[in-house]
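Q: Protein chains in written order, with our numbering: chain A, 2 to 949; chain B, 19 to 443; chain C, 233 to 326; chain D, 5 to 162.
Pasting in a structure now, in structure tokens, and then I'll have a few things to ask.
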Amino acid sequence: MNHRLPPADGEVLDRTKALTFTWNGKKLEGFEGDTITSALMANGHHIIGRSMKYHRPRGVLTADFWDPNTTVQVGDEPNVRASHRKLEAGMQVVAQNVWPSLSFDIKAANGLVGRFLTAGFYYKTFMKPAALWPRYEHVLAKFAPGGEVDLDTPHGRYDKRFAHPDVVVAGGGPAGLSAAIAAAEAGSSVMLVEHEHHVGGHLLWGTEEDRARVADLTAAALAAGVEILTNSTVTGRYEDNWIAILQRNHPGVVERLIKARAKTLVVAAGTIERPYVFEGNDLPGVMTSGAVRRLITMYGVKPGKQAVVFSANESGEAAIDDLRRAGVSIARVVDALTGERIVSTKGSKKRVKEVLLEDGAKIKCDLVVTAVGWTTPTSLLNMAGDRPVYDADAARFFPSGAPDNVLATGGMVGDGSLDDLIEHGRVTGELAAGRAAVVRHRLQVATARAETVDEAEPGYLADERTPLDRWPHPELFRASTHGIVDYSEDVSSKDLYSAAAEGFDSVELIKRFTTATMGPSQGKLETVNTVAVLAQARGDSIGDVGTTVWRPPYAPISLGALAGRINEPTRLSVIQPWHEANGATPILAGQWVRPDHYGDPLSEVRNTRENVGIIDVTPLGKLDLQGPDVANLLSLLYTNKWMQLPIGSVRYGIMCAEDGVVLDDGVTARLDEEHYLMTTTSSGAARIWSWIEMWLQTERPEWQVHVTPVTTGLTSINIAGPKSRALLGRLTDIDLDNEAFPYMRVRQGLIAGIEQCIAWRIGFTGELSYEIHVPSGHGLAVWERLLAEGADLGVKPFGLEAQRIMRLEKGHFIVGQDTDGLSKAPVTGLDPLLKFDKDDWAGLPEVRWSLESGDHPVIVACQPDDRSIVPEEAAQILRSGTTEIVGRITSSRMSPTLERSICLAQVSKEFADAGTSLEVLLVDGRRITATVIEHHAHFDPEGERLRG
Amino acid sequence: MGKNKPPAKYSAAGLLWRGLRKQSWPRVWREPEFKNSYDVVIIGGGVHGLATAYYLAANHGITDIAVVDRAYLGSGGSGRNTAIVRSNYLTPEGVAFYDRSLDLYKSMSNDLNLNVMFSERGHLTLAHTDSALRTMHWRAEVNKLQGIDSSVIDPAEIKRLTPSLDVSTNTRYPIMGALYHPPGGTIRHDAVVWGYARGADAYGVDLFQQTEVLDILTEGDHGSGRVTGVRTNKGDISTPIVVNCTAGWASTISAMVDVQLPITTHPLQAAVTEPVKTFLPTVVVSGSLHVYVSQTDRGELVFGASVDPVATYNMGGTLEFTEELASHVLELMPGISKMRLLRQWAGLCDMTPDYSPVMGPTPVAGFYVDVGWGTYGFKAGPVSGEQMAACVATGETPHLIKPFELSRFTEGNLVGEKGAAAVGH
Amino acid sequence: MLLVPCPNCGPRNAADLSYNGESRPRPDPQTCSPEEWRTYLYLRDNPSGWLVESWYCSSGCRKHFTIERHTLTGELRTPILPGSKPGATKGSTK
Amino acid sequence: MASSITHIEPMPKASVRAAADTNAAAALGLTFGSAERRGDTLVVRIRPDEWYLLGDGAAPMVHGLDLTGYASTVDITHARHAVRVTGSHAAETLAKLCSADFGDAMTPNGAAWGNSIAGVTCDLVRDDHNGERSYLLLFDGSFASYVLRTLEDAAAEF
Ligand SMILES: Cc1cc2nc3c(=O)[nH]c(=O)nc-3n(C[C@H](O)[C@H](O)[C@H](O)COP(=O)(O)OP(=O)(O)OC[C@H]3O[C@@H](n4cnc5c(N)ncnc54)[C@H](O)[C@@H]3O)c2cc1C
Ligand SMILES: NC(=O)c1ccc[n+]([C@@H]2O[C@H](COP(=O)([O-])OP(=O)(O)OC[C@H]3O[C@@H](n4cnc5c(N)ncnc54)[C@H](O)[C@@H]3O)[C@@H](O)[C@H]2O)c1
Ligand SMILES: Cc1cc2nc3c(=O)[nH]c(=O)nc-3n(C[C@H](O)[C@H](O)[C@H](O)COP(=O)(O)O)c2cc1C
Ligand SMILES: [Zn+2]
């Protein structure tokens, strides 16, 4: 550690804890508290990466999170900010963007031809011959910067939480700390979020006295109950102060995303020091004053031996003191305030060696420090609608006005002594707390429990803060030479000049053409310089050029943190554990996990047709409807008639949307005078519930109907097959005699000893069948009883696939499979269900016009002439011998009952008549023929089985 | 007009030449003087407006055109889209239309003498359910009949083409298959915009940035009548023909002549990650998971989703978008959890009920629309420009865009693209 | 995330509600022309400005209500339950 | 363990729907969004026109109601499952999965409201036990194993 300074006050190192890590495979040591960068520099490694385009060697520039030159790979993690990430024992740190090695990089040859690789050069070349572009592209892609993703990286434990603080303070410098304390003391709940590992902001690398102030402020904040989050970033401010906070140091998790609904947001993000543009400004050894101050004071690192300091402000002055203290000799102070200027630097490949000044002086050095001014990170304020305004006297942008619930303080809004900053923070904190109290009060009143709020609304506080001063600062952006403006994108001021000359002369166009500000630091370092150079090139003012749009996130955020724990709701019937224990293959149907089959769907079909089968149909949507107007409601939503449905009957219906397209179908039973049970498709359950509420609340508010979803309250089991009556008969007191309980009727009674069960006779499978609905707490018991009691009858469970086959044999269509987003009701071919003598029903006009025009497709059943061929669902039906599409197969299966392939298809009307031969194009390109049959049902068209 | 001087030729040799002589390139387009009268005014300087102007000039010799945009060229959807190009649509109308666009894209770098970096890398639409797979088959079959390279592939083939995808079966949304469309890919969206702008400018078309249309001047009854000019923040322009190419803002322009559109404006959001070495060779789309992703040559992953549910003109973007995006992307590619999102943004989409555009004449004479581009309109830029130019120049609606006329809504002849998943691209 | 003031529940995250879009009157299905009906089905004002639209408080009180929203700024005002009178601005916290 | 998560099934539950002018509404009372213990039954006014009766007394209480007028009742014992989250970290656990403000100001003891938990629509009742934080969660029973698993995962850090 040859560049390590002796221990000193202010350092954040624990020198008793040495940590071993590797750098490009070489073993090195640092201390607990080091960043990767400080540890590398302490070991004499000052080249940490290479630039994106020209692969120039790069060293520390700002020594903080935004440093564009110190991005490294750590193990399987790419793009780690080495100047922010704390060193850990065993870290394997590798330089990125270098090939074959950091010290020798072949792509650096790009630098030699740099003159030709001006911004946007690729738009102007590689066009001819066209066939070669893919190859060029391949080569360009190899130059992609950044680290490497290890595709086997596991999704670690990331977490999330919601929060409802009164006040969120972004930034833990003196202004932010002071605002947080004041707000908390005024009665607000406060979260203080600091991007760095320690609160204190710029005071951390300040004087002993500064650090004592930080300690005092921190103690006061804790005492006031402020929740302090360090190594955490406010990454975004969204509508209505919805604040995203990334916490990187929560125990037990990799990272945590906090979503806070703040009543007031205080932005105290301070300022970011901006680099200076001149020839050679990206040579290793050229740094900002903030960088050397951090390195020396916080990390005990000596940044060089002999320095030239170009200073326009007190930060430069302070850096000189720090450098002297660290034993760095000051070769020359270039005083910007007296008009002195740096022109350029020269260096070896590895380090700056000499500085040329405007007065012609050439000074030898290995460190060039610039202190040329600040950038205001207005990002969070801009997300709230603020537009930054340039102040030429202070040479930086300032916020111009955010909504009432967002307040800025500290260096972002002005300058001042430490006491001034703290005072401005304090007043801002009080204002934030006062406004938060109003919002809190209104929220309490607006929620339902308003009666519990006794106090009167607090008065709304006007912003009467005394603005901070704005100290004059020279406008120093660029020397008389050109240099790098965007380090991470390798964009120079020359590129900006030539782009402007080509006509890309607005700030947004130049950004897109040159990619300036589009790299990993997103303009934190480069926006102002970009704008300043463009203004120069245009002969315009910085204020007129304006800035590009700042967008979230404030600092890059991992996909892992955004995803958090991946929670995907799934729904299970109470019988699902039984299904799984009994060999069911699960299938996902929407949110439901259901049995697709229990090994052999075809034998499940055969058994059901011959004996009896049971299927768990719990996911079927079920709505309990009560009230005097249920029949009116049903008439309005279904296409058919409902006013005369007798108690004890069920009826099938289809529902249309207002454009006449089939929305859902199902049966509804009348259980009692004013009590009905409606079923919907499984996937339609939620949609139909809100559809009904919409009609009841907005179109027919005078109707009295109570709708309650009971889908999972009732376990639904369909008992199907010729022996279903025998089976159910063993378990129920309901009279199952065909006369007493005919087809399409509903009965209530005792099943397997359970009261209040509902049974109805319907037949999706085409068999004699009873669908029973039992209170779900007993669902599994009833299922098991059915299997036990029916063993001698041959009862077997069947799954979704067998049901699909049987319904196809029976020719029942499925909404969304046999119909699509444009299928109006007449497509189903169920014309008798469309009742035009009713006054009104959803979709009525469109259905009528569609039927009248008669040019809609229809669903038909058809059978391939070669009974062994099962066309794919989606196979197209063509006009014979042509490629004109006249329909498509929508459902298709081999029927175990008929021992032949069977289909449903949607065809144009002209092909819908029984006996029509259809030409079907199989996916493999063969054309086969199929014949339209008379009924939709391939099997038992008269329905004798289900009525029997 | 006399202005049409071909633009400075871009080439590698030119690059070298100017590099050696330290000479800069001439402007891509002029800063024209504001005139008070034009033959045609096109509102919207996105790909649609600029392509229409370009083809009016190039194919029909009409060059007295003003293209006006209230911000910078490409500031709308054209500058903020994820630039996915494909032609494997669901309906024959859609397929024929988008395939023509793909053809125009293929020769564009040459035609416009500007590299638009069309990367024909292959487009995968994943199916996670039976019914999605059925739709994929349906699309593939329709595509094949029209000679489009499009087929359904199985998980093993998906893995071979895109190793970062998790094709195991024990996931919440197992990948059951995909519609594979080898000619699909991505393009440098900005380059397309600049290419058309530069090309149109060379023919003498005047491009006005920072010029906002405040009203459309008409004679006769509102809602019928005829167009006489437009009012802008820079002054009035008289013109007999106005073409509305404002995508997300289409309704605001049409409202100026009382033409109601079947459009609602919804934000569509996108995001990029920090760059990493390239690992994702194809464009991957998952309709059920509402996400799509591709990797640029610079190494960033570019993500998109489906539109936000609430209609708004606010382009602020939401946190929820990034949360859902991340969780869904990680379900598809679990290995990238440590990659970081760098920037999110939003654009406005002019959504129609049948996921198809609205193109051609309106009841107001001289007022044409080329709108309803939803989430898929970038890829249609070239063909739309070509066809709208023909429509305006001849007064007849060409057959390629006939199915997309505004009148189809009142006539009840919607286009069947609604059958395809909401995230199309 | 937008906070939507439900007239019953007070301000709620937009994700807790469902959005039903521009509210518009339903023509009489017996007497309307295809033109009128399809205008109701498909055509929208879609203004960049104030818009009356309907929301459903799907995870809260389960009531439909209308509200005015400014589609550019996101401001919301005057939520109304169907059948009740305007002015119930209890929900607003702005 | 600082918070306990219990699936308290079976628990009798009834929903009563009643318009403002009915006797049932008058008998059940309460402000919308609040809950009260009456004997062994927790009465919750969960919607402006809907009350939950939770606990062994639910059925008798329904029985005693005058349901004339625009009023009705449904037994939701099986339709909705109840989970109780109790303990010093109950609110923090829920705050990881639910966007509601669990602070005393917004949701004091006795507060009841509809929300969602980890993507599942859910009714919540703050029902402290002997001064200890406790929440009752009611949601569609088919989500029970998902909700329990997710809650336990969220609580693991405490
Ligand atoms: C995030 C996102 C991703 C997308 N991804 C894809 C994709 O992968 N593939 C694809 O094909 N499509 C995609 N799209 C859709 C595509 O971007 C658009 O459909 C397409 O760019 C529309 O182009 P345009 O020229 O019609 O309109 P725009 O490019 O939006 O141009 C409209 C212009 O009109 C201007 N304007 C508006 N009002 C006025 C006025 N009053 N006066 C003057 N000018 C005005 C605007 O400033 C704007 O520049 C995506 C869209 C978004 C937002
Ligand atoms: N920045 C410097 O190097 C420096 C040096 C000397 C003096 N100053 C002066 O100090 C004053 C600034 O004091 P101050 O208290 O306003 O700021 P500060 O710079 O002391 O502290 C601001 C803090 O906010 C944090 N931050 C920024 N954005 C954040 C986000 N989105 N989330 C979480 N944390 C975030 C930063 O990490 C920083 O620690 C100014 O007048 C400035 O000119 C600054
Ligand atoms: C395909 C594509 C790739 C992009 N890549 C980047 C990127 O690498 N870095 C970046 O900062 N922005 C990138 N952007 C986003 C733009 O910076 C910008 O956010 C977007 O064009 C919207 O404009 P606005 O943010 O100015 O509103 C990209 C945009 C697109 C469409
Ligand atoms: Zn509500």
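From the three backbone atoms N, C-alpha and C, an ideal C-beta is built for every residue, glycine too.
Please read all numbers here as calculations on a predicted model, not as lab measurements.
Starting from Leu-919/A and walking both ways along the beta strand (DSSP E), at which residues does that stretch end?
A: Taking the first residue of the first sequence as 1, we reach residue 919/A at position 918. Per DSSP, Leu-919/A belongs to the beta strand (DSSP E) from 918–922.
Q: Looking at Asn-583/A and ligand 3, is the gap between the Cβ and the nearest heavy atom below 7 Å?
A: Locating residue 583/A in the first sequence gives position 582, where the first residue counts as 1. Answer for Asn-583/A: no, Cβ out of range of ligand 3.
Q: Kindly indicate the opening and closing residues of the alpha helix (DSSP H) around Arg-118/B.
A: Working through the second sequence from its first residue, we reach residue 118/B at position 100. Unbroken alpha helix (DSSP H) run through Arg-118/B: 110–124.
Q: Nearer than 7 Å: is that true of the beta carbon of Thr-100/B relative to any heavy atom of ligand 3?
A: One-based indexing of the second sequence puts residue 100/B at position 82. Flag set: Cβ of Thr-100/B near ligand 3.
Q: Would you say Arg-358/B reaches chain A, if we count a Cβ-Cβ gap shorter than 8 Å as a contact?
A: Start at 1 with the first residue of the second sequence, and residue 358/B comes out as number 340. Cβ-Cβ to chain A under 8 Å: yes for Arg-358/B.
Q: Which complete beta strand (DSSP E) runs does the segment 822–867 of chain A hold, if anything under 3 residues is left out?
A: For the segment 822–867 of chain A, whole beta strand (DSSP E) runs of length 3 or above, ordered along the chain, are 859–865.
Q: On the CB-based measure, 16 or more other CB atoms within 10 Å of its CB, does Tyr-214/B come out buried or exposed?
A: One-based indexing of the second sequence puts residue 214/B at position 196. Looking at its Cβ environment, which holds 16 or more other Cβ atoms inside 10 Å, Tyr-214/B is buried.
Q: Determine the chain B residues that contact Ser-499/A at a beta-carbon separation under 8 Å, and present them in chain order.
A: Working through the first sequence from its first residue, we reach residue 499/A at position 498. Within 8 Å Cβ-Cβ: Ser-42, Trp-43.
Q: Report yes if the C-beta distance between Gly-411/A and His-474/A is below 8 Å; otherwise report no.
A: Locating residue 411/A in the first sequence gives position 410, where the first residue counts as 1. Locating residue 474/A in the first sequence gives position 473, where the first residue counts as 1. No, they are not a contact pair.
Q: Provide the residue(s) that pair with Phe-297/C in DSSP beta bridges, ordered along the chain.
A: Here residue 297/C refers to the residue found at position 65 when the third sequence is read from its first residue. According to DSSP, Phe-297/C bridges with Trp-287/C.
Q: Counting Cβ pairs closer than 8 Å, one from the segment 236–256 of chain C and one from the segment 327–347 of chain B, do we hit at least three?
A: Yes, they touch.
Q: If we ignore side chains and look at the alpha-carbon of each, how far apart do Ala-372/A and Ser-499/A end up?
A: Looking up residue 372/A in the first sequence gives position 371. Looking up residue 499/A in the first sequence gives position 498. Between Ala-372/A and Ser-499/A, the C-alpha separation is close to 28 Å.
Q: Distance cutoff 8 Å, beta carbons only. Does Cys-293/C sit that close to anything in chain D?
A: Residue 293/C sits at position 61 when you count from the first residue of the third sequence. With 8 Å as the cut-off, Cys-293/C counts as an interface residue toward chain D.
Q: Would you mind sorting Met-644/A into buried or exposed? The rule is 16 or more other CB atoms within 10 Å of its CB.
A: Here the question's residue 644/A lines up with position 643 in the first sequence. The residue is exposed, with fewer than 16 neighbouring Cβ atoms inside 10 Å.
Q: Got a sec: is the Cβ-Cβ distance from Phe-115/B to anything in chain A below 8 Å?
A: The residue given as residue 115/B occupies position 97 in the second sequence. Not one chain A Cβ lies under 8 Å of Phe-115/B.
Q: With a threshold of 8 Å, are at least 3 pairs of Cβ atoms found where one atom belongs to the segment 658–667 of chain A and the other to the segment 595–614 of chain A?
A: In short, these stretches do not touch, since the Cβ pair count stays below three.
Q: Should Gly-434/B be labelled buried (16 or more other beta-carbon atoms within 10 Å of its own) or exposed?
A: Numbered from 1 along the second sequence, position 416 holds the residue referred to as residue 434/B. Buried: at least 16 other Cβ atoms inside 10 Å.
Q: By the criterion of Cβ-Cβ separation under 8 Å, what are the contact partners of Thr-303/C in chain B?
A: The count along the third sequence starts at 1 and reaches residue 303/C at position 71. Neighbours of Thr-303/C on chain B, chain order: Thr-283, Ala-329, Thr-330, Tyr-331, Asn-332.
Q: Can you pull the DSSP bridge partners for Asp-79/D?
A: Here the question's residue 79/D lines up with position 75 in the fourth sequence. Answer is Ala-18/D.
Q: So with Cβ pairs under 8 Å, would you call Asn-134/D a contact of chain C?
A: Start at 1 with the first residue of the fourth sequence, and residue 134/D comes out as number 130. Not an interface residue.
Q: With H, G and I counted as helix, E and B as strand and the rest as coil, what does DSSP make of Lys-351/A?
A: Position 350 of the first sequence, counted from the start, is the residue given in the question as residue 351/A. DSSP places Lys-351/A in coil when its eight states are reduced to three.
Q: For chain D, is any of its Cβ atoms less than 8 Å away from the one on Arg-450/A?
A: Along the first sequence, read from residue 1 onward, the residue named residue 450/A stands at position 449. By this cut-off, Arg-450/A is an interface position.
Q: Among Lys-28/A, Ala-261/A, Asp-217/A, which one has its Cα closest to the Cα of His-165/A?
A: The count along the first sequence starts at 1 and reaches residue 165/A at position 164. Per the Cα distances, Ala-261/A.
Q: Arg-566/A CB to nearest chain D CB: under 8 Å?
A: On the first sequence, residue 566/A is found 565 positions in, with the first residue counted as 1. True, the Cβ-Cβ gap to chain D drops below 8 Å.
Q: For chain C, check one thing: does any of its Cβ atoms lie closer than 8 Å to the Cβ of Phe-427/B?
A: For the purposes of this step, residue 427/B is taken as residue 409 along the second sequence, with counting starting at 1. Closer than 8 Å to some Cβ of chain C, the Cβ of Phe-427/B qualifies, so yes.
Q: What would DSSP say about Pro-8/A, mapped onto helix, strand or coil?
A: Working through the first sequence from its first residue, we reach residue 8/A at position 7. Here Pro-8/A sits in coil by DSSP.
Q: To the nearest angstrom, report how far apart Arg-671/A and Lys-836/A are at their CA atoms.
A: Locating residue 671/A in the first sequence gives position 670, where the first residue counts as 1. Locating residue 836/A in the first sequence gives position 835, where the first residue counts as 1. The straight-line gap from Cα to Cα measures roughly 20 Å.
Q: Answer yes or no: does any C-beta atom of chain B fall closer than 8 Å to that of His-85/A?
A: Numbered from 1 along the first sequence, position 84 holds the residue referred to as residue 85/A. It does not: the Cβ of His-85/A has no partner Cβ on chain B nearer than 8 Å.
Q: Check each residue of the segment 767–779 of chain A: if its Cβ is closer than 7 Å to any Cβ of chain D, include it; give the result in chain order.
A: Of all residues in the segment 767–779 of chain A, Pro-776, Ser-777, Gly-778 have a Cβ within less than 7 Å of some Cβ in chain D.
Q: Count the other CB atoms within 10 Å of the CB of Gln-262/C; is the residue buried (16 or more) or exposed (fewer)?
A: For the purposes of this step, residue 262/C is taken as the residue at position 30 of the third sequence. Gln-262/C is exposed by the Cβ-count criterion.
Q: In chain A, what lies closer than 7 Å to Gly-434/B by C-beta?
A: For this step, residue 434/B is matched to residue 416 along the second sequence. Under the 7 Å cutoff, chain A gives Leu-823.
Q: Once DSSP output is grouped into helix, strand and coil, what is the label at Lys-21/B?
A: Position 3 of the second sequence, counting from 1, holds the residue named residue 21/B. Note that Lys-21/B scores 43 on pLDDT, short of 50, meaning its location in the model is unreliable; the coordinates nonetheless yield the value given after this. Looking at Lys-21/B - three-state DSSP - the assignment turns out to be coil, as it is neither helix nor strand.
Q: Can you tell me whether Asp-420/A is buried or exposed? The criterion is at least 16 other CB atoms within 10 Å of its CB, across all chains shown.
A: Start at 1 with the first residue of the first sequence, and residue 420/A comes out as number 419. Exposed, because fewer than 16 other Cβ atoms sit within 10 Å of the Cβ of Asp-420/A.
Q: Please go through the same chain and pick out, in chain order, the residues whose beta-carbon is closer than 7 Å to the beta-carbon of Ala-270/A, but skip the five residues on each side of it.
A: Along the first sequence, one-based indexing puts residue 270/A at 269. Here the set comprises Ala-171, Gly-172, Pro-378, Leu-381, Met-413.
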